[in-house]
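These notes concern the structure reproduced below.
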DNA sequence: TGAACATATGATAATATATTCATATGAAAA
DNA sequence: TTTTCATATGAATATATTATCATATGTTCA
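Residue numbers (the working numbering), protein chains in the order written: chain A, 201 to 304; chain B, 201 to 304.
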């Protein structure tokens with residue numbers, strides 16, 4: 201019997217559309233935007249990030265995990281610290297595009 | 201007396217960071233992504249959009265308003281219909297960047 | 001004018017999300 | 001091996017967001 205046609209919107213499957221929305225969710229919170237933007241100048245540990253963005257450690261840690269899950273940042277341990285850095289070239293572009301929009 | 205120093209993160213003010221997050225919120229929902237993506241090929245009325253993305257009229261109308269408030273789309277009335285179209289060149293770029301990310 | 005069609009809106013309920021607090025884990029230094 | 005510093009995590013609360021339902025508004029045409 202014929203399978204029910206899968207929903208697509210001009211080639212994009214439902215799954216991809218949901219993934220796309222999930223990706224943009226990562227940029228849709230000011231704490232996460234601050235973290236990403238803060239990492240524009242390179243690797244930083246959690247304490248540094250907390251100071252830069254003026255948020256407490258737990259909140260930052262939760263958001264770092266979300267960003268890491270979304271593969272927007274990566275981490276490596278260095279002694280007691282964990283160093284975080286951007287893991288995707290598109291991050292800067294996406295944020296820059298956003299900035300251009302709001303600056304109009 | 202000295203004013204308390206306003207929070208900025210490398211030149212971006214708190215206000216701008218919030219605006220940036222608000223902008224990306226518009227892309228952070230699959231209904232809105234579908235609408236934007238649907239409008240890639242040009243102007244459409246509400247009924248068409250509803251059919252294309254398979255969502256009911258009220259939900260679509262609510263989201264159209266959000267997108268319009270964010271200045272991502274614009275509208276004009278044509279008889280009984282209201283035609284919507286993209287109102288920002290960055291929209292396509294932002295979504296394309298997102299697609300590239302998830303396709304990796 | 002009043003049907004019929006197209007779109008918008010307000011209120012509500014369901015769901016998702018973020019921050020905080022308390023505490024756990026992990027690494028280094030005393 | 002205990003203390004200290006750095007980070008992660010779970011639970012709970014508070015807040016935000018979305019879809020739905022009912023209905024209102026606006027437009028055309030008979």
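We put the beta carbon where it would ideally sit given N, CA and C, even for glycine. Remember, predicted model here, so these are calculated numbers, not experimental data.
> When the Cβ atoms of the segment 284 to 292 of chain B are set against those of the segment 237 to 246 of chain B, are three or more pairs found closer than 8 Å?
Replying inline: yes
> Measuring CB to CB, does residue 218 of chain A end up less than 8 Å from residue 230 of chain B?
Replying inline: Within the first chain, the letter at position 18 stands for residue 218 of chain A. Within the second chain, the letter at position 30 stands for residue 230 of chain B. Result yes, Cβ atoms of residue 218 of chain A and residue 230 of chain B sit closer than 8 Å.
>> Against chain B, does residue 301 of chain A count as a neighbour if the rule is that its beta carbon must be under 8 Å from one of theirs?
In response: Translated into the one-based positions of the first chain, residue 301 of chain A becomes position 101. Yes, because at least one Cβ of chain B sits closer than 8 Å to the Cβ of residue 301 of chain A.
>> My output table needs one value for residue 234 of chain A: the three-state DSSP class, helix, strand or coil.
In response: The count along the first chain starts at 1 and reaches residue 234 of chain A at position 34. Looking at residue 234 of chain A - three-state DSSP - the assignment turns out to be helix.
>> Against residue 229 of chain A, what residues of chain B qualify as contacts under a CB-to-CB distance less than 8 Å, listed in chain order?
In response: Numbered from 1 along the first chain, position 29 holds the residue referred to as residue 229 of chain A. By Cβ distance, chain B contributes 221.
> Assuming residue 263 of chain A and residue 232 of chain A make a contact with CB atoms under 8 Å, what is their CB distance in whole Å?
Replying inline: For the purposes of this step, residue 263 of chain A is taken as residue 63 along the first chain, with counting starting at 1. For the purposes of this step, residue 232 of chain A is taken as residue 32 along the first chain, with counting starting at 1. The pair is a contact, with the Cβ atoms about 5 Å apart (cut-off 8 Å).
> Mind pulling the chain B residues with CB within less than 8 Å of residue 297 of chain A?
Replying inline: As a working note, residue 297 of chain A is residue 97 in the first chain. Those within 8 Å of residue 297 of chain A in chain B are 290, 293, 294 and 297.
> According to a CB-to-CB cut-off of less than 8 Å, which residues of the segment 243 to 260 of chain A neighbour chain B?
Replying inline: 252, 253 and 254
> Whose CA, out of B/266, B/253, B/283 and B/269, lies closest to the CA of residue 214 of chain A?
Replying inline: By one-based count along the first chain, residue 214 of chain A stands at place 14. The option with the nearest alpha carbon to residue 214 of chain A is B/253.
>> Less than 8 Å between the beta carbons of residue 223 of chain A and residue 302 of chain B, yes or no?
In response: As a position in the first chain, residue 223 of chain A is number 23, starting the count at 1. As a position in the second chain, residue 302 of chain B is number 102, starting the count at 1. Yes.
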